[in-house]
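Residue numbers (the numbering used here): 55 to 989.
Shown next, in structure tokens, is the structure this report addresses.
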């Protein structure tokens, strides 16, 4: 005990206590130098005890040592568990009571140690291999350590685990562990592993994750379960969110049907227990969000439609509607249920029909849609609940002309029933309520009842509203205009303007009704021409400009006072094109418009954030440019639907003209390029001709400089000799070029056959020397021929001169000189003949050199083929030896396993078996040495 007390920081003499760093250093030295396993185990246990308080010291000094312990002593479960716990404490950033707070510590210290640890991917592979150990003291610390590593450096560790063979499969096997603590921590580990990584999500899904997770949820009590159910649902969301492949696999595997029982409510048990627990509320939220993940509008359309169909067939939609109509459901769960039902029925005719048939358990029974609208127009209901009801109403009417017709029919006088509350009555009540938020909700709901439905827009014109006694009824359109002209709150005006724009769009009859009231257009013009600069007022002015442009777009010219031309002139004179354009474009630049245009769902937390509706933003985007064209005169409306105009025709004509000009320019360019190419060729030819003339001129100058006059072409027998000399010169030049080519070929062959020089070291050198000698001889003969040519030329000139003199005066001296010259010419001719013979002999030697070169190249190719064949045989022999060695290693491993198994059986039978740790270590070292020698 004194020894360990000293190691852990006990008294060291007279009142001296070692610091934490010194203690850690001594323990690290003990771990690395001890030969006994017990000593190393005690030292690692001490490091574990210090790792919480001295994270920095243990992490910096002991990490490499601890990794070596994991590699060398992995057969001992106790020291392995201590080591894993120590690493977990070092890398965990969770604060502990024992941590030393006197010195400042980096908040991401664990992340830095994690980065050092995973820099070597073999360390992660080592941890994954420990998961195969069933021992609790090894598997559980490994799971915790991997979880904290993923928490600190998620992206890096995900990529490492992804490339490790069977890495994800080993983690998935943890879900089958019978010990709940390991299984539950494995859920946390998989949650971290699957976040934001589609490939890992797919691998986990195909490892039968859905089956295992749903079984765990069922065994833990479904929505009534505890925190384990929450972890399972979070893992399911990670696997399914934004992953179309997994969503399709989930649907095809009939897992949607297995979710249905989780939504069943046992009202009696809930009432006895006093309501919903906080954990049940959380679990139900996650279940509803899981359903929404499968039918989200952001998913591929075919995927969403398939899931909606399955949910209706398996009864999941029915269970959701039961929760919707049940009593005692918490408000936040009810809100999320409404949103979930909205996306399950959105755009699905069969689901919308079922939802329309759902009745609330009231007296008398009312349709579910009516009950929901009652909550929407009730200002006492929570704001998020009212937004959810509006979203549900929008989803019910999405691509549902029958539903739109049913809603509008409740507004018509023939459908009025004094004994029942209808959707139309609720919408009108909300539209003319004193609550501006109710006005906005009712306006948007009414807009969705007529959007993209020309028939219902005309039907809505028939709606008449009763006023005070003695006054005639007022149409709904006129009442909306009256409310708009009276001012009111910002949201009220925005809602009325959106419903009016959607109503008049693509409906000339509605435009005529709107223009029939002479006060409407002046009101819009006054709003657009106003110069108030507040943000809210700018939005109102922009929407008024948009409504005015729609009146011009879909105008059938039946109103003389407000025809197209009249409205255009008024806008240009009273407002101005520039001001009108600025007011209109400010709408799409508003932040609220951008937020509303992203998603159809109403993600608002405060009533003041509500301004625009998603469907209206789509309408505005589709008509903005057309309105600007109509007002600026660049186009007009035909039958209130399509835009064509003179400026557009001119623009198209201009484009055609420019295209024709461009085609002509392209043709000219091609012609000029052809001419340029021909010119370049002509210049090259002329350049060659000039060079030839320069050469001839230089030759003539040389003759003139040496003789005074150019030689005659055929004045004497010496002319034939000159021609023969020139022929010999050309043949010598030809021989020189042939020798140069053969030299180049020989060098290339020598370069390609460097590897074979050892087999034939003398052939290439001899041939090279022979060719060099031949080139020297040809050069010397060339010099002799040149000198001979000059001598013949000189003698020819002298002979001509003598011939001329002999013609003038014949004498014995001149005859003797002539005879001497002729003899000298004959001597030169004999020399030329000798040179010709020598040239022929050189040519034969060159041919022989070529034949030797070909033989040498053939030998080189043969040697290369033999070398390749020999290399292939050696490689095959090497692979055979490696395979035999691997088989021997496998046999040795099997033999060791059998020996260990027999030892274990002997121990179980009571036999004494020697099992010394030190001896085992020595044996392991010897085996390693033997294996190294074998390698």
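Here a beta-carbon is modelled for each residue, glycine too, at the ideal position from N, C-alpha and C.
Contact annotation: residue 565 and residue 581 have beta-carbon atoms that are not nearer than 8 Å.
The DSSP-derived three-state label of residue 519 is strand. Linking residue 943 to residue 956 through their CA atoms gives a straight-line distance of about 20 Å. Beta-bridge analysis with DSSP links residue 398 to no other residue. Here DSSP, grouped into helix, strand and coil, assigns residue 528 to strand. The continuous stretches of alpha helix (DSSP H) do not include residue 319, and DSSP gives it neither H nor E.
Three or more beta-carbon pairs drawn from the stretch 173-190 and the stretch 198-216 are found closer than 8 Å, and the two stretches are therefore classed as touching. The residue from 220, 235 and 246 with its alpha-carbon nearest to that of residue 200 is 246. Three or more beta-carbon pairs drawn from the stretch 386-395 and the stretch 340-355 are found closer than 8 Å, and the two stretches are therefore classed as touching. About 15 Å separates the Cβ atoms of residue 537 and residue 501, ruling out a contact at the 8 Å cut-off.
According to DSSP, residue 414 shares a beta bridge with 420. Per DSSP, the continuous alpha helix (DSSP H) segment holding residue 545 begins and ends at 544-558. Within the stretch 101-152, the alpha helix (DSSP H) runs of at least 4 residues that lie entirely inside it are, in chain order, 109-126 and 131-145. Just so you know, the alpha carbons of residue 82 and residue 259 end up roughly 43 Å apart. Shown here, residue 233 sits in coil according to DSSP, grouped into three states, outside any helix or strand. DSSP places residue 596 inside the alpha helix (DSSP H), whose first and last residues are 589-607. Under the three-state reduction of DSSP, residue 741 is assigned to helix.
With respect to the 8 Å criterion, residue 440 and residue 430 are classified as neighbours on the basis of their beta carbons. Between residue 357 and residue 405, the alpha-carbon positions lie close to 16 Å from each other. Counting C-beta atoms within 10 angstroms of its own C-beta, residue 737 has fewer than 16 neighbours from the protein chains shown and is therefore classed as exposed. A distance below 6 Å between beta-carbons, with the five flanking residues on each side excluded, links residue 145 to the following residues of its chain, in chain order: 164, 167, 168 and 202.
About 13 Å separates the beta carbon of residue 85 from that of residue 104, a gap too long to meet the 8 Å contact definition.
A direct Cα-Cα distance of roughly 45 Å separates residue 281 from residue 483.
For residue 426 against residue 446, the beta-carbon gap comes to about 6 Å, under 8 Å, which counts as contact. Rounded to whole angstroms, residue 520 and residue 487 show a C-alpha spacing of 15 Å. Residue 490 and residue 528 have their C-alpha atoms spaced approximately 22 Å apart. Judged by their CB atoms, residue 514 and residue 557 are nearer to each other than the 8 Å cut-off. The count of Cβ pairs closer than 8 Å, one atom from the stretch 618-632 and one from the stretch 647-666, stays below three, leaving the stretches out of contact.
Cβ-Cβ distances below 8 Å link residue 677 to 559, 600, 603, 604 and 607 in the same chain, with the five nearest sequence neighbours on each side left out; the list follows chain order.
Leaving aside the five residues that flank residue 655 on each side, the residues in its chain whose CB is nearer than 6 Å to its CB run, in chain order, 445. Under the Cβ criterion (8 Å, minimum of three pairs), the stretch 214-225 counts as touching the stretch 181-190. Here residue 193 carries a helix assignment [DSSP, helix/strand/coil].
Boundaries cannot be given for residue 644, as no alpha helix (DSSP H) includes it and DSSP labels it neither H nor E. One alpha carbon belongs to residue 187, the other to residue 364, and they sit about 42 Å apart. In this structure, the alpha-carbon of residue 449 lies about 33 Å from that of residue 269.
Of the candidates 173, 331, 190 and 933, the residue whose Cα lies closest to the Cα of residue 138 is 190.
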